[in-house]
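Asker: For the record, the sequence lines run as chains A and B.
Sequential numbering from 3 applies to the first sequence in the numbering used here.
Sequential numbering from 5 applies to the second sequence in the numbering used here.
Using N, Cα and C, we set each Cβ at its ideal position, and we do this for glycine too.
Quantities reported herein were computed from a predicted structural model and do not represent experimental measurements.
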Amino acid sequence: MAKEFKPKIVSANDLNIGDVVYMNSGGGWTRKLAEAAIAHTPEEGETLMGRAEPQQAKVVGPYLADVALDDDGRPFPTHFREKFRTRGPSTRPDLGKQAANPERREPLAASGGI
Amino acid sequence: MYRYDEFDHDYVRARVAEFRDQTQRRIDGALTEDEYKPLRLQNGLYLQLHAYMLRVAVPYGTLDSRQMRTLAMIAERWDEGYGHFTTRQNIQYNWTKLTDVGDILDALADVEMHAIQTSGNCIRNVTADHFAGAAVDEIEDPRPTAELIRQWSTAHPEFAYLPRKFKVAVTGSPNDRAVTKAHDIGLRMLRDAQGNPGYEVIVGGGLGRTPMIGKVIRDFLPKADLLPYLEAILRVYNLNGRRDNKYKARIKILVHETGIEEMRAQVEAEFERQMREEGGPLVQPDPEQVRRIEAYFAAPDFADLPATSETLDAAMAADPALAAWVANNTSAHRAPGYTIVTVAIKGTGEAPGDATTAQMNALADLGERYSHDELRISHEQNVILPHVKRDDLPAVFAALQQAELAAANAGLITDIIACPGLDYCALATARSIPVAQDLSERFAEPARAKAIGSFTIKISGCINACGHHHVGHVGILGLEKSGIESYQITLGGDHTETMAVGERAGPGMSADEVGPAIERLVDAYLERRANDDERFIDTYRRLGADPFKHALYAA
Ligand code: SF4
Numbered sequence: 003m004a005k006e007f008k009p010k011i012v013s014a015n016d017l018n019i020g021d022v023v024y025m026n027s028g029g030g031w032t033r034k035l036a037e038a039a040i041a042h043t044p045e046e047g048e049t050l051m052g053r054a055e056p057q058q059a060k061v062v063g064p065y066l067a068d069v070a071l072d073d074d075g076r077p078f079p080t081h082f083r084e085k086f087r088t089r090g091p092s093t094r095p096d097l098g099k100q101a102a103n104p105e106r107r108e109p110l111a112a113s114g115g116i
Numbered sequence: 005m006y007r008y009d010e011f012d013h014d015y016v017r018a019r020v021a022e023f024r025d026q027t028q029r030r031i032d033g034a035l036t037e038d039e040y041k042p043l044r045l046q047n048g049l050y051l052q053l054h055a056y057m058l059r060v061a062v063p064y065g066t067l068d069s070r071q072m073r074t075l076a077m078i079a080e081r082w083d084e085g086y087g088h089f090t091t092r093q094n095i096q097y098n099w100t101k102l103t104d105v106g107d108i109l110d111a112l113a114d115v116e117m118h119a120i121q122t123s124g125n126c127i128r129n130v131t132a133d134h135f136a137g138a139a140v141d142e143i144e145d146p147r148p149t150a151e152l153i154r155q156w157s158t159a160h161p162e163f164a165y166l167p168r169k170f171k172v173a174v175t176g177s178p179n180d181r182a183v184t185k186a187h188d189i190g191l192r193m194l195r196d197a198q199g200n201p202g203y204e205v206i207v208g209g210g211l212g213r214t215p216m217i218g219k220v221i222r223d224f225l226p227k228a229d230l231l232p233y234l235e236a237i238l239r240v241y242n243l244n245g246r247r248d249n250k251y252k253a254r255i256k257i258l259v260h261e262t263g264i265e266e267m268r269a270q271v272e273a274e275f276e277r278q279m280r281e282e283g284g285p286l287v288q289p290d291p292e293q294v295r296r297i298e299a300y301f302a303a304p305d306f307a308d309l310p311a312t313s314e315t316l317d318a319a320m321a322a323d324p325a326l327a328a329w330v331a332n333n334t335s336a337h338r339a340p341g342y343t344i345v346t347v348a349i350k351g352t353g354e355a356p357g358d359a360t361t362a363q364m365n366a367l368a369d370l371g372e373r374y375s376h377d378e379l380r381i382s383h384e385q386n387v388i389l390p391h392v393k394r395d396d397l398p399a400v401f402a403a404l405q406q407a408e409l410a411a412a413n414a415g416l417i418t419d420i421i422a423c424p425g426l427d428y429c430a431l432a433t434a435r436s437i438p439v440a441q442d443l444s445e446r447f448a449e450p451a452r453a454k455a456i457g458s459f460t461i462k463i464s465g466c467i468n469a470c471g472h473h474h475v476g477h478v479g480i481l482g483l484e485k486s487g488i489e490s491y492q493i494t495l496g497g498d499h500t501e502t503m504a505v506g507e508r509a510g511p512g513m514s515a516d517e518v519g520p521a522i523e524r525l526v527d528a529y530l531e532r533r534a535n536d537d538e539r540f541i542d543t544y545r546r547l548g549a550d551p552f553k554h555a556l557y558a559a
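In structure tokens, the structure reads:
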């Protein structure tokens, strides 16, 4: 029996800041996992990666990461490494995405800044 | 302190300009990541989990107050207000932006610092005893040797693409504080029967996936022969080291597979060949340059002082906290009336080695005012004030208290080494800092920590062992097991001249099991030690692993 396909999103790091970003359904980049485009099949995964890989001038190292979906169909990380990537250092809640003012590290290359 | 000559200045400035241009081309889209990555790594810039990280070299861990202030300024201006001192005596900034890196490197160049050769398969920043030039047990200051190696290895064209990275450590004391036996090359300064200075040369040590204790390849190498001999080792390694398998590419594997006898024969043959060259080996340094380097490291003008300080004695009698700190965080200095201060960057519940801008500035002020303008970074992730008058210790302690740097725990169970782990590092398999923080809180009570005595805990967030876990009395290695963080404990490691690699105690445990397990282990040690002076490692060697394994897994 074929292994069940786990839903996936494309994640990468922003070129200028190094911040974690996710590809959205428009082929652009968001800092919020909730806004990421979800691949439900291997083919959809390939399509997303096909859109991500040429975007070298915006992001570094795009890859497919497993997610699970909540009742509303929103993605959340299944692996602890990805969970930390959605937040920042667990020892410094004042830094990274989890910080009170996460937008202060803008502008992102991935969102067209700089 | 070594000061750059014109060549050093020009070289570093040219490298900054070159890398600034390369970075701009990456931002503009002219360079792909595949093209840019090796360039940024050669300039110390990594991409970590949440941001870029810049690793700045502190050559052999020595810096002055002006340099420390610049490190503080960089943290404030371009980072998040702190830096992380590493086991390689370097500093890492965790939140570097690509658009700032050129400016940061220029600011570093202003104070004769850089980030070159802090990454990549080259000869990395040379490390040395952090008590160099101050220790009472020192045969000779290892820093002129380390500086000579720095000059020889910087941009050495033959060794820019070695099979793998290459690390050299130098100690001038028989008490090895530089972990020389865990380096690709370790140099221990000694004197022969006639009193001539030289080195014991150790090769093939290393931690990581396959920990190995270095082996002596030359019992005594005359000082003047150092560079031709190092060149010979590097040539043999460069030629024969494995390039087919990254995990077998370090010189430790070559030494292991070739055998030390054969390795020695090959190195000696290459060394002899160089010595026969007309006019001597090409790499032999100009004696004038050697003298110039040595002059930079001449001992400061120490005052003529009595060995004891009445001022200090009176202050300690009045202030038990000062007395406890002096007893624990100072070490014997070679000049009477002076002492070496270890500033433990290990406050309770803090991330080991993390210092804020304010703390770095406070350390710079103390170094300038009380320590002949010298500071050191230790591989234990602490900062050293190497030349402090005993009379000045009350003032130094008061300033450290103000800066929240007065932890009296150097060398104790809470003086934990921890690598950045999965809180920052892209290679990590588990977190290390929270484990260190938990342990530092469990053993925070000063009387308890003091009663436990000398005890090293070293934590790495993956098999690469940047946290030196193999050589901790207790080593903790964070791994991933079935989708969760799991910690493997090793016992009986030793990072000193009696180096030993710790033994795995048993199966991995979850993060919240580690703290209670270590507490049971410590209790078992306290119950079994022969007397209050028997260190954990000695009790472990006397009794073997069983009682301690039992204690770890007793729950
Ligand atoms: S030991 Fe592993 S997790 Fe820790 S800093 Fe080194 S590479 Fe990163």
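1. Grouping DSSP H, G and I as helix and E and B as strand, with all else coil, what is E501(B)?
2. CB of G425(B) to nearest heavy atom of ligand 1: below 8 angstroms?
3. Just curious, the alpha helix (DSSP H) that M216(B) is in, first and last residue?
4. Does the beta-carbon of L125(B), which I'm using as the reference point, lie nearer than 8 angstroms to any heavy atom of ligand 1?
5. So with Cβ pairs under 9 angstroms, would you call K10(A) a contact of chain B?
6. Under 9 angstroms between C-beta atoms, does D21(A) make it to chain B?
7. Just to confirm the assignment, what range does the beta strand (DSSP E) spanning Q96(B) have?
8. What does the alpha-carbon distance come out to for the pair D14(B) and I153(B)?
9. Have a look at I116(A) and T103(B) and give me their C-alpha separation to the nearest angstrom.
10. With hydrogens ignored, establish whether the beta-carbon of L431(B) is closer than 8 angstroms to any heavy atom of ligand 1.
11. I'd like the ranges of any alpha helix (DSSP H) spanning at least 4 consecutive residues and lying wholly in the stretch 323-363 of chain B.
12. Do G497(B) and G506(B) have their beta-carbon atoms positioned less than 9 angstroms apart in this structure?
13. Give a single yes or no on whether G465(B) has its beta carbon closer than 8 angstroms to a heavy atom of ligand 1.
14. Quick one: what's got a C-beta closer than 8 angstroms to K8(A)'s C-beta in the same chain, skipping five residues either side?
15. Tell me the DSSP secondary structure of E162(B) in three-state form.
16. Does the beta-carbon of S490(B), which I'm using as the reference point, lie nearer than 8 angstroms to any heavy atom of ligand 1?
17. Hey, would you say V387(B) sits closer than 9 angstroms to Y374(B), going by beta carbons?
18. Give the secondary structure of D15(A) by DSSP, where H, G and I count as helix, E and B as strand, and everything else as coil.
19. Identify each residue in the stretch 49-60 of chain B for which the Cβ-Cβ distance to at least one residue of chain C is less than 9 angstroms, and report them in chain order.
20. Please report how far the alpha carbon of A440(B) lies from the alpha carbon of A355(B), in whole angstroms.
21. Check F224(B) in the structure and name its three-state DSSP category.
22. Determine the chain B residues that contact Q119(A) at a beta-carbon separation under 8 angstroms, and present them in chain order.
23. Given a threshold of 16 other Cβ atoms within 10 Å of its Cβ, counted over all protein chains shown, does F89(B) qualify as buried or as exposed?
24. Where does G487(B) sit, in a helix, a strand or coil, going by DSSP?
25. Using a Cβ cut-off of 8 angstroms, pull out every chain B residue sitting near N18(A), in sequence order please.
26. Determine the chain A residues that contact I467(B) at a beta-carbon separation under 7 angstroms, and present them in chain order.
27. Hey, is G30(A)'s beta-carbon within less than 9 angstroms of any beta-carbon in chain B?
28. Measuring only the C-alpha atoms, how far is Y251(B) from V22(A)?
29. Report the CB separation of N332(B) from A412(B) in whole angstroms; it is logged as a contact under 8 angstroms.
30. Using three-state DSSP, classify M5(B) as helix, strand or coil.
31. Give the residues of chain A in contact with G487(B), contact being defined as C-beta atoms less than 9 angstroms apart.
32. So, helix, strand or coil for H391(B), using DSSP?
33. Could you tell me the alpha carbon to alpha carbon distance between A269(B) and G209(B), rounded to whole angstroms?
34. Going by beta carbon distance, what residues of the same chain come within less than 8 angstroms of E55(A), once the five residues before and after it are set aside?
35. At a Cβ threshold of 9 angstroms, is V69(A) touching chain B?
Answerer: In short:
1. Three-state DSSP puts E501(B) in coil, outside helix and strand.
2. When distances are taken from the beta-carbon of G425(B) to the heavy atoms of ligand 1, the shortest one is below 8 angstroms.
3. Counting along the chain, no alpha helix (DSSP H) covers M216(B), and no H or E run does either.
4. Note that residue 125(B) is Asn in the sequence shown, not Leu. No, the beta carbon of N125(B) sits no closer than 8 angstroms to any heavy atom of ligand 1.
5. Contact of K10(A) with chain B is not assigned, every C-beta pair being separated by 9 angstroms or more.
6. By this cut-off, D21(A) is an interface position.
7. Q96(B) -> beta strand (DSSP E) spans I95 to T100.
8. Rounded to the nearest angstrom, the gap between the Cα atoms of D14(B) and I153(B) is 19 angstroms.
9. Note that I116(A) scores a pLDDT of 33, beneath 50, so its modelled location is shaky; the value from the coordinates is reported in the next line. In this model, I116(A) and T103(B) are separated by some 9 angstroms (Cα to Cα).
10. L431(B): yes, Cβ under 8 angstroms from ligand 1.
11. DSSP runs (the alpha helix (DSSP H)) wholly in the stretch 323-363 of chain B: 324-333.
12. The answer is yes: Cβ separation under 9 angstroms.
13. Result yes, Cβ under 8 angstroms from ligand 1.
14. Within its own chain, the residues whose Cβ lies closer than 8 angstroms to the Cβ of K8(A), once the five positions on either side in sequence are excluded, are D68, V69, A70 and T80, listed in chain order.
15. Here E162(B) sits in helix by DSSP.
16. Answer for S490(B): no, Cβ out of range of ligand 1.
17. Not in contact: V387(B) and Y374(B) (Cβ atoms no closer than 9 angstroms).
18. For the record, residue 15(A) in the displayed sequence is Asn; it is not Asp. Residue state, collapsed to three classes: strand.
19. Checking the listed chains, one finds no chain C in this structure; the protein chains it contains are A and B.
20. A440(B) and A355(B): Cα-Cα distance of roughly 7 angstroms.
21. Strand at F224(B).
22. Residue 119(A) is absent from the structure shown; chain A starts at 3 and stops at 116.
23. With 16 or more Cβ atoms within 10 Å of its Cβ, F89(B) is classed as buried.
24. In this structure, G487(B) counts as coil in the three-state DSSP scheme.
25. Under the 8 angstroms cutoff, chain B gives I31, K101, L102 and T103.
26. Think of a sphere of 7 angstroms around the beta carbon of I467(B): no beta carbon from chain A falls inside it, the nearest being about 15 angstroms out.
27. Not one chain B Cβ lies under 9 angstroms of G30(A).
28. C-alpha separation (whole angstroms): 29 angstroms.
29. Your pair N332(B) and A412(B) checks out as a contact, with CB atoms roughly 5 angstroms apart and the cut at 8 angstroms.
30. Here M5(B) sits in coil by DSSP.
31. Neighbours of G487(B) on chain A, chain order: T80, H81 and F82.
32. Here H391(B) sits in strand by DSSP.
33. Taking the straight line from one Cα to the other gives about 18 angstroms.
34. Same-chain partners within the cutoff: P64.
35. No, because no Cβ of chain B sits closer than 9 angstroms to the Cβ of V69(A).
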